[in-house]
Amino acid sequence: MKGQIEHSGKVVSMTPQTTTVAFVSHAACSSCKAAALCGMAEAEEKTLQLPTDPYASYGVGDEVKVYLKASMGMKAVYLAYFLPLVVLLAVALGLIALGVRDYVAGLCGIGAVGLYYLVLYLVRERLQNEYVFTIASK
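Throughout, the numbering used here is defined as the position within the sequence shown, counted from one, plus 3.
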């Protein structure tokens, strides 16, 4: 589907509240023909818990597709990578401009990024509600 991120997976468990889907996440280089030679191809099994659809046409063991709006994927990249970089640079460069030693400014920048990720962790449930995944049978 256009405008959506799609992953294939397998339903591993279902309860009236949650459906757990397992899928294999491949590293970017796993599609390379030489990946087996260099040992860089990584595949990791991940699970995702989603609210159970009471009218679901799939069951445990079925192959399914999991969808997420592409805009939500971009928001995740923004929160996980872009904003921490901005925080790091703003704190480090701001302190250097104030005359603080470089290594102290760098450590403060790293500490600010750590604080940013702590805040992100504390609001994870609120963020989790914004990311809506849908499941469809293959």
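Glycine included, C-beta positions come from ideal geometry on N, C-alpha and C. Treat the numbers as computed from the prediction; the structure is a model and nothing was measured.
Count the other C-beta atoms from every protein chain shown that fall within 10 angstroms of the C-beta of Gly117, then say buried if there are 16 or more, exposed otherwise.
So Gly117 counts as exposed.
Mapping the DSSP letters down to three states, classify Val69 as helix, strand or coil.
Here Val69 sits in strand by DSSP.
Using only alpha-carbon positions, find the residue among Tyr58, Val27, Gly62 that is nearest to Met17.
The candidate whose alpha carbon is nearest that of Met17 is Gly62.
In its own chain, which residues sit with a C-beta less than 7 Å from the C-beta of Thr55, not counting the 5 before and 5 after it?
The answer, listed in chain order, is Met17, Thr18, Pro19, Gln20, Thr21, Thr22.
Look up Ala139 in the DSSP assignment and give the residues it is bridged to.
In DSSP, Ala139 forms a bridge with Lys68.
Based on DSSP bridge pairs, tell me the residues matched to Ile8.
Ile8 is bridged to Leu71.
Three-state secondary structure (DSSP) at Leu154?
Any answer about residue 154 is impossible in this case: the structure gives the chain only from 4 up to 141.
Give the straight-line distance between the Cα atoms of Phe85 and Arg129, rounded to the nearest whole angstrom.
Cα-Cα distance, rounded: 20 Å.
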